[in-house]
Amino acid sequence: MHRFKELEIWKRSKIFCSVIYTETNNFPSSEQFGLTNQIRRSAVSIPSNIAEGASRTSQKEFSRFLEIALGSAYEMETQILIAEDLKFLPQEKTAYILDELNQIVKMISKFRSQLKTN
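The numbering used here puts the sequence shown at residues 57 to 174.
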């Protein structure tokens, strides 16, 4: 079992989640229950699944929750690109968000590969 609050991947993804909430505040109000909600749910899912996985007693289970966190990250990448296409996000904000998301994906992937799941 891991202490999730000590994991850099959890810390970074939690901060990133706050950034996403701030950036989506400027989306049109008509998107409150659409793309805004979807992006926020994906953002929250990343640190949440890391935390839940850390509570599991087996590395194999933890690895599965990290896999779910990665899925949420890729889901968010798609949603961010759609938001840019719809002009909800300027290109420079999109680039920043996707760069940070990519760093988090790399961290999760590396951590997951280091878990002993046998």
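No residue lacks a Cβ here, since even glycine has one placed at the ideal position from N, Cα and C.
Since this is a predicted model, take the numbers as computed values, not measurements.
Q | Own chain, CB closer than 8 Å to Thr92, minus 5 neighbours either side, in chain order | A | Thr80, Phe83
Q: Since I believe Ile95 is in contact with Ile136 (beta carbons under 8 Å), could you give me their beta-carbon distance rounded to a whole number of angstroms?
A: 7 Å
Q | Distance CB(Arg168)-CB(Leu126) smaller than 9 Å | A | yes
Q) How far does the alpha helix (DSSP H) with Lys162 in it reach, from first residue to last? A) 147-170
Q. How would you write the range of the alpha helix (DSSP H) that Glu101 sits in, first residue to last?
A. Looking at the sequence shown, residue 101 is not Glu but Ser. It spans 91-110 - the alpha helix (DSSP H) in which Ser101 sits, taken as one unbroken run.
Q. By Cβ distance, which residues of its chain are closer than 8 Å to Val100, with the 5 residues on each side in sequence left out?
A. Cys73
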